[in-house]
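Down below is the structure, laid out as structure tokens.
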Amino acid sequence: MKMDPVEYRRGETVFRGWLADDPARLAPRPAVLLIHEAWGLGEYVKHRAERLAEIGYVAFAADMFGEGRQAASTEEGLGWTKALRADVREMRARVRLAFDVLAARPEVDSSRIAGIGYCFGGSSVLELARSGAPVRGVVSFHGNLTTTDPARRGVVRAKVLSLSGADDPFIPLEQVNGFIAEMKAAEVDYQVVLYGGARHSFTDPRSGERGLDGLAYHRLADERSWSAMHAFFAEIFEPAP
Numbered sequence: 001m002k003m004d005p006v007e008y009r010r011g012e013t014v015f016r017g018w019l020a021d022d023p024a025r026l027a028p029r030p031a032v033l034l035i036h037e038a039w040g041l042g043e044y045v046k047h048r049a050e051r052l053a054e055i056g057y058v059a060f061a062a063d064m065f066g067e068g069r070q071a072a073s074t075e076e077g078l079g080w081t082k083a084l085r086a087d088v089r090e091m092r093a094r095v096r097l098a099f100d101v102l103a104a105r106p107e108v109d110s111s112r113i114a115g116i117g118y119c120f121g122g123s124s125v126l127e128l129a130r131s132g133a134p135v136r137g138v139v140s141f142h143g144n145l146t147t148t149d150p151a152r153r154g155v156v157r158a159k160v161l162s163l164s165g166a167d168d169p170f171i172p173l174e175q176v177n178g179f180i181a182e183m184k185a186a187e188v189d190y191q192v193v194l195y196g197g198a199r200h201s202f203t204d205p206r207s208g209e210r211g212l213d214g215l216a217y218h219r220l221a222d223e224r225s226w227s228a229m230h231a232f233f234a235e236i237f238e239p240a241p
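Numbering follows the working numbering, in which position 111 of the sequence shown is assigned residue number 111; successive positions increment by one, without gaps.
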């Protein structure tokens, strides 16, 4: 298994992602686009990409902020995500660009790509689905479920899996119910899972170091959500590696 840097551009902005792959496996293969949290593309998401590559997927950890930037503080990271979420067209353009970069890779079966994301990344892959991109399915791990441009009937092609903590103060039940109503209205094939006792960022063992109330690692929710993602992949890829 190897991990290589991938540079791509949107206008004057340079993005720096990482592609994890096992070149010994037959190509083309199903691929997974990964989008990072508010802190930027760091070791956490890169490690998740490596785990997916070990299984047999081509995994691309994309950069949403440009230049591979990582936030120096919680406040800085939240400021970057707030600006992008306020400009949904730009947010969708950046995640779609990353999707297209992955789809163009010779080792990738461009008809079998999924997107997953963590926190801000979860919101990003949901916007990819809402935009009507030709992605097989998206998985949001503790991502914000609101949007300024809701899904529309006949536009969304992806199946959707939302995995949230039942005790997440940033994604209250009202937000979850609103998301369910949005998915129903748009006639999306969706699933929503809530993990009891889990708070925000429950998949990240270092989430408690961020100094932000409401973040906490939850081992069982982490393991269960990872298993739920694999079951989802087995369905949408028919078969998965």
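Note that CB positions come from ideal geometry on N, CA and C, so glycine has one too.
(message) I want to know whether the stretch 104-120 touches the stretch 33-45 - three or more CB-CB distances under 8 Å.
(response) When C-beta atoms of the stretch 104-120 are compared with those of the stretch 33-45, three or more pairs fall below 8 Å, so the two segments count as touching.
(request) Take ARG92 and list the residues in its own chain whose beta-carbon comes closer than 6 Å to its own, dropping the five residues that flank it on each side. (result) The residues are GLU127, SER131.
(request) Run the CB neighbour count on GLU182, radius 10 Å, all protein chains shown included, and call it buried at 16 or more, exposed below. (result) In this structure GLU182 is buried. Its beta-carbon is surrounded by 16 or more other beta-carbon atoms within 10 angstroms.
(request) Kindly indicate which residue of ALA61, GLY40, GLU107, ILE55 has the alpha-carbon position closest to the one of THR81. (result) The candidate whose alpha carbon is nearest that of THR81 is GLY40.
(request) Classify ASP4 as buried or exposed, calling it buried when 16 or more other Cβ atoms lie within 10 Å of its own Cβ. (result) Classification for ASP4: exposed.
(request) Report the three-state DSSP secondary structure of SER131 (helix, strand or coil). (result) Three-state result, SER131: coil.
(request) Determine the direct distance from the alpha carbon of SER123 to that of ALA151, and round the result to whole angstroms. (result) Approximately 13 Å between the Cα atoms of the pair.
(request) Please state whether DSSP places MET3 in a helix, a strand or coil. (result) Residue state, collapsed to three classes: strand.
(request) Please name the residue or residues paired with ARG10 in a DSSP beta bridge. (result) Answer is THR13.
(message) Quick check on this structure: which residue in PRO134, ARG89, ALA86 has the alpha carbon closest to the alpha carbon of ASP100?
(response) Nearest in C-alpha terms to ASP100, of all of PRO134, ARG89, ALA86, is PRO134.
(message) Please report the distance separating the alpha-carbon of TYR195 from that of ALA61.
(response) Each residue's alpha carbon lies about 25 Å from the other.
(message) Determine whether the beta carbon atoms of MET64 and LEU84 lie at a separation below 9 Å.
(response) Result yes, Cβ atoms of MET64 and LEU84 sit closer than 9 Å.
(message) Considering only the alpha carbon of each residue, which of LEU97, ALA71, LYS2 lies closest to LEU259?
(response) Nothing can be reported for residue 259, as the shown portion of the chain is limited to 1 through 241.
(request) Would you tell me roughly how many angstroms separate the C-alpha atoms of ASP149 and VAL88, rounded to the nearest one? (result) Cα to Cα, ASP149 sits roughly 7 Å from VAL88.
(request) Reducing DSSP to helix, strand and coil, say where ASP109 ends up. (result) Three-state DSSP puts ASP109 in a strand.
(message) Within the continuous alpha helix (DSSP H) that includes ILE236, where are the two ends?
(response) Start and end: 219-237.
(request) Take GLY77 and list the residues in its own chain whose beta-carbon comes closer than 6 Å to its own, dropping the five residues that flank it on each side. (result) For GLY77, where only same-chain residues beyond five positions count, the Cβ hits under 6 Å are ALA38, TRP39, ALA71.
(request) Identify whether PHE170 lies in helix, strand or coil by the three-state DSSP scheme. (result) PHE170: coil per DSSP, three-state reduction.
(message) Quick check on ARG48: does DSSP put it in helix, strand or coil?
(response) Collapsing the DSSP output to three states places ARG48 in a helix.
(request) Give a single yes or no on whether SER110 has its beta carbon closer than 8 Å to a heavy atom of the ligand COA. (result) Looking for the ligand COA in the displayed structure turns up nothing, as the structure carries no ligands at all.
(request) Provide the residue span of the beta strand (DSSP E) that contains PHE65, from first to last. (result) Per DSSP, PHE65 belongs to no beta strand (DSSP E) and is neither H nor E.
(message) I'd like to know if SER111 contacts chain B, where contact means its C-beta is closer than 9 Å to some C-beta of that chain.
(response) The structure shown contains no chain B; it holds only a single protein chain.
(message) Please identify the residue among VAL138, ARG69, ASP167, ASP213 whose C-alpha is closest to the C-alpha of TYR190.
(response) Ranking VAL138, ARG69, ASP167, ASP213 by Cα distance to TYR190 puts VAL138 first.
(message) For GLY137, report the span of its beta strand (DSSP E) as first-last.
(response) If you look at GLY137, you'll find it in the beta strand (DSSP E) that goes 137-141.
(request) State buried or exposed for ASN144, treating a residue as buried only when at least 16 other CB atoms are found within 10 Å of its CB. (result) Residue burial is scored here from C-beta neighbours: ASN144 has at least 16 other C-beta atoms within 10 angstroms and is therefore classed as buried.
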